[in-house]
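Numbering (the working numbering), first residue to last: 96 to 670.
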């Protein structure tokens, strides 16, 4: 799994986010696509082959992280059939989809040709290099991580009509429309980095909508669950502010029966009294996100949560892993160790001979050192302000207070680590403990002073390496479980590979859409070669602790007649 708190990765991810934020909107690749990449008005899958009673389609999002989690889901998607049941329910036989839809963020930490090859293509090719005829097709919408290189690698891999993992890619743009059997459509949007779609994309989908019949229904796939974010900001943007809202409310309107999204790496389903579904299913391989944060039991438009995987109790329990953050992100201590050493050197004072009973003297000596060295105050304030800015906006008006407390926690911990390191060097090991001023000025004395400085610095760094991750982990744990904040950072640091999911959709003879949410509680950590052909997975689980795939909940059925299309809807659609 990607180690997000590894120093090199931390710096790289920060730079990617900054560059994307600064240049993303100024170099919108979608505008170029619209001009130079012609695409069919829609891709037609509406005709059922003779003898086939149902049409099957698979949906997976947030793939391309660790091998175990990504390959586990890729293997299940490649199997011709899966027999699935809930914990106590009946067995359901499902078939591999004739179409596979990737719902965003296909690779982590950022897009590049090498990263796609290593973290996405290889696992999926290992699961199925070739497929029997007729081969499934593949469609992909990009997420923000796919956009970090300006969509260059994404377009090369998915929009050039190539083959990947036994499936054919057909799209030439980063968005698409599929006409499915029995009055169903699937719309895949590209919301880029700003959770919005561009004007040519809106026009493309307006043309698609003009080809729909009044009784047609839509499955809308977005890279992000805007409904979760809206529930936490308590504000729903109007279509004059956001083209995506315009598409949903003014172009497609009441036709939308199912909303699908990834971005949050868990399974959570919301439903309204009319049977419309909003499903977040970002469990294709990326690290687990909590289901208890951000809080969204009731959405702004009346949807209520029906099921979460994992459940909120388990989610809170997993969050406690932050108290042992160094176990999950061991090299994060290099950052905190360096910070503590810098703070200690900035406020250095001769306190190695003072023990715990002399706390007042130690504080006085360090305080005097800070007053006489202004850059010490600058470094301390920079630490507090940086962590204040880093604090999650979910805190609201308490953001700067919580961030400042985090910064002060590190400064206090650095103080005790430095004091302990100096005390251990001078009093514990006796380095320079008895040197007189005359001895200090001789050559041997300077060597002893250098040894004291080096040893106390090493002890301070080691203390920061061990204590710093605990301070940050405590902050993350309190934030995510107490204030429902920092859900991304708290769980990204843990890099949990388990609780993965994908959706299997079936359109039956009666036009009913059935959604099978497939979950794996614990993915395998060990594999064995199968020596099978190119149409079968190259590796099978070899881990007795791994769990079998099962249905997260009973299949969700969405009937065409559950959404009525009245005269007002027709009038608004025509407008």
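Glycine is no exception: its CB is placed at the ideal position from the N, C-alpha and C atoms.
Contact check, residue i vs residue j under 8 angstroms by CB: the rounded distance?
{"i": "residue 550", "j": "residue 573", "result": "Wrong, their Cβ atoms sit about 34 angstroms apart, outside the cutoff."}
{"i": "residue 382", "j": "residue 591", "result": "6 angstroms"}
{"i": "residue 361", "j": "residue 384", "result": "5 angstroms"}
{"i": "residue 327", "j": "residue 291", "result": "Residue 327 to residue 291, Cβ: 18 angstroms. No contact."}
{"i": "residue 630", "j": "residue 226", "result": "6 angstroms"}
{"i": "residue 653", "j": "residue 372", "result": "6 angstroms"}
{"i": "residue 618", "j": "residue 641", "result": "6 angstroms"}
{"i": "residue 598", "j": "residue 140", "result": "Going by Cβ atoms, the distance from residue 598 to residue 140 rounds to 17 angstroms, so no, they are not a contact pair."}
{"i": "residue 461", "j": "residue 486", "result": "With a Cβ gap of about 26 angstroms, residue 461 and residue 486 do not count as contacting."}
{"i": "residue 255", "j": "residue 219", "result": "Between residue 219 and residue 255 the Cβ distance is about 17 angstroms, and since that is not below 8 angstroms, they are no contact."}
{"i": "residue 241", "j": "residue 200", "result": "6 angstroms"}
{"i": "residue 96", "j": "residue 161", "result": "4 angstroms"}
Taking the alpha carbon of residue i as the point to measure from, which residue in the options has its own alpha carbon closest?
{"i": "residue 554", "options": "514, 587, 585, 588", "result": "514"}
{"i": "residue 446", "options": "257, 518, 201, 310", "result": "518"}
{"i": "residue 580", "options": "632, 498, 547", "result": "498"}
{"i": "residue 621", "options": "167, 577, 282, 568", "result": "167"}
{"i": "residue 511", "options": "450, 585, 613, 313", "result": "450"}
{"i": "residue 175", "options": "228, 156, 162", "result": "228"}
{"i": "residue 230", "options": "218, 204, 212, 257", "result": "257"}
{"i": "residue 238", "options": "254, 619, 444, 288", "result": "288"}
{"i": "residue 306", "options": "596, 138, 187, 458", "result": "138"}
{"i": "residue 100", "options": "584, 380, 602", "result": "584"}
{"i": "residue 216", "options": "246, 262, 247", "result": "262"}
{"i": "residue 135", "options": "299, 106, 651", "result": "299"}
{"i": "residue 467", "options": "453, 524, 444, 406", "result": "444"}
Inspect the beta-carbon positions of residue i and residue j and report whether they are closer than 8 angstroms.
{"i": "residue 434", "j": "residue 559", "result": "yes"}
{"i": "residue 318", "j": "residue 353", "result": "no"}
{"i": "residue 645", "j": "residue 274", "result": "no"}
{"i": "residue 281", "j": "residue 196", "result": "yes"}
{"i": "residue 223", "j": "residue 260", "result": "yes"}
{"i": "residue 194", "j": "residue 159", "result": "no"}
{"i": "residue 152", "j": "residue 192", "result": "yes"}
{"i": "residue 376", "j": "residue 156", "result": "yes"}
{"i": "residue 595", "j": "residue 357", "result": "no"}
{"i": "residue 508", "j": "residue 563", "result": "yes"}
{"i": "residue 177", "j": "residue 171", "result": "yes"}
{"i": "residue 482", "j": "residue 556", "result": "no"}
{"i": "residue 284", "j": "residue 233", "result": "no"}
{"i": "residue 521", "j": "residue 494", "result": "no"}
{"i": "residue 278", "j": "residue 606", "result": "yes"}
{"i": "residue 351", "j": "residue 315", "result": "yes"}
{"i": "residue 269", "j": "residue 246", "result": "yes"}
{"i": "residue 309", "j": "residue 582", "result": "no"}
Who are the near neighbours of residue i in its chain, counting only those whose CB is closer than 6 angstroms to its CB and skipping five residues on each side?
{"i": "residue 367", "result": "397, 398"}
{"i": "residue 589", "result": "416, 423"}
{"i": "residue 272", "result": "137, 282, 303"}
{"i": "residue 568", "result": "417, 418, 420"}
{"i": "residue 603", "result": "149"}
{"i": "residue 456", "result": "449"}
{"i": "residue 103", "result": "none"}
{"i": "residue 410", "result": "385, 386, 387"}
{"i": "residue 364", "result": "374, 401, 402"}
{"i": "residue 427", "result": "100, 564"}
{"i": "residue 393", "result": "399"}
{"i": "residue 601", "result": "149, 151, 609"}
{"i": "residue 570", "result": "501"}
Which residues in the same chain as residue i place their Cβ atom closer than 7 angstroms to its Cβ, once the five residues preceding and following it in sequence are excluded?
{"i": "residue 143", "result": "150, 276"}
{"i": "residue 586", "result": "382, 383, 384, 385"}
{"i": "residue 213", "result": "none"}
{"i": "residue 210", "result": "202"}
{"i": "residue 648", "result": "181, 402, 612"}
{"i": "residue 163", "result": "592, 618, 619, 620"}
{"i": "residue 636", "result": "619, 622"}
So, at 8 angstroms on beta carbons, what are the nonlocal neighbours of residue i in its own chain, with the 5 sequence-adjacent residues on each side left out?
{"i": "residue 244", "result": "205, 206, 207"}
{"i": "residue 667", "result": "Low confidence applies to residue 667: its pLDDT is 47, below 50, so where it sits in the model is not reliable, and the reading given next is rough at best. If we look at residue 667 and ignore the five residues flanking it on each side, its Cβ neighbours are 345, 348."}
{"i": "residue 478", "result": "434, 438, 502, 505, 506"}
{"i": "residue 627", "result": "633"}
{"i": "residue 429", "result": "102, 560"}
{"i": "residue 614", "result": "362, 378, 404, 594, 595, 596, 644, 645, 646, 647"}
*List in chain order: all unbroken alpha helix (DSSP H) runs of 4+ residues lying wholly within the segment 326–376.*
338–341
*Which full runs of the beta strand (DSSP E) of 3+ residues lie inside the segment 218–250, going along the chain?*
232–235
*Tell me the start and end of each unbroken beta strand (DSSP E) in the segment 162–199 that is at least 3 residues and wholly inside, in chain order.*
176–180, 186–190, 194–197
_Every unbroken alpha helix (DSSP H) within the segment 411–465, with a cutoff of 4 residues, ordered by chain_ = 420–423, 428–441
*Enumerate, from N- to C-terminal direction, the unbroken beta strand (DSSP E) stretches of 3 or more residues contained entirely within the segment 554–609.*
595–602
_Report the start-end ranges of each alpha helix (DSSP H) in the segment 288–322 that is 4 residues or longer and not cut off at the edges._
294–305
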